[in-house]
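Chains as they are written, first to last, in the working numbering: chain A, 7 to 119; chain B, 3 to 112.
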């Protein structure tokens, strides 16, 4: 079945350094990939999603590139900010009939001053 | 922005008791979902619905029932609550391209 893997449970880095959160997936179909962000005591919210035309989605300085050859959709940002501290979920939806959104286990990003 | 409201925000229940978590959305979305969130497991789908009167099992439906009496309302029911169901529960509505989540219900089963 479809699945999403986020290998890092916790990432801690210093403000100003680049961010990369890993996401790989398995799917029988050609899925759409998403990143959701959840700040402390808040609901998860959509951060960005993949496009069908290979454009690179960007939002709030974050971007991600869908690489079908390696089944990856890593989240990147050139310079981390304190406000980026949050829980990040990678997710996929596949045209398998039910159109469920399947989430990875999440990566907690902590940005230190 | 889509509005999804969950109630209660916090709930303490006893083992074997019945618990009902409620969710209301005002954006006329056909699809609604119930997830639970646990550290190390992320968000796992319990039940979902395509519209009023429909409920479908997600990945972890055991011990849970769902009810969708109207387009706006979607409930999650624990008939016999167990301590393993202690978790944070999120309701969501929308499409698989964009889900709008409620603020969550923190459930503790003693």
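For glycine and all other residues, C-beta sits at the position ideal for the given N, C-alpha and C.
It should be emphasised that the depicted structure is a prediction, and the values quoted were computed from it without experimental measurement.
Interfacial residues, the region 28-42 of chain A to chain B, with Cβ spacing under 7 Å: The residues in question are 38.
So, at 8 Å on beta carbons, what are the nonlocal neighbours of residue 34 of chain B in its own chain, with the 5 sequence-adjacent residues on each side left out? 25, 27, 50, 51, 70, 76, 93, 94 and 95
When the distance is taken between beta carbons, is residue 42 of chain B closer than 8 Å to residue 110 of chain A? no
How should residue 14 of chain B be labelled, buried or exposed, when 16 other C-beta atoms within 10 angstroms of its C-beta is the threshold for buried? exposed
Are the Cβ atoms of residue 17 of chain A and residue 31 of chain A separated by less than 8 Å? No, these two residues do not count as a Cβ contact at 8 Å.
Residue 89 of chain B in three-state terms, based on DSSP: Three-state result, residue 89 of chain B: strand.
Among A:19, A:13 and A:98, which one has its Cα closest to the Cα of residue 90 of chain A? Residue 90 of chain A has its Cα closest to that of A:19, out of A:19, A:13 and A:98.
Residue 25 of chain B lies in the beta strand (DSSP E); which residues open and close that run? 21-27
Burial state of residue 20 of chain B (16 or more Cβ within 10 Å): Counting Cβ neighbours within 10 Å, residue 20 of chain B comes out exposed, since fewer than 16 surround it.
Run through DSSP, which three-state label would residue 88 of chain A get? Here residue 88 of chain A sits in helix by DSSP.
Pull up the CB-CB distance for residue 108 of chain A and residue 93 of chain A, whole angstroms please, since I reckon it's below 8 Å. Rounded, the Cβ-Cβ distance is 17 Å, inconsistent with contact.
Buried versus exposed, by CB contacts within 10 Å (16 or more), residue 86 of chain A: buried
How would you label residue 56 of chain A, buried or exposed, when you count the other beta carbons within 10 angstroms and need 16 or more for buried? buried
Go through its chain and collect everything with a Cβ distance to residue 39 of chain B's Cβ below 7 Å, but skip five positions before and after it. 45, 89, 90 and 92
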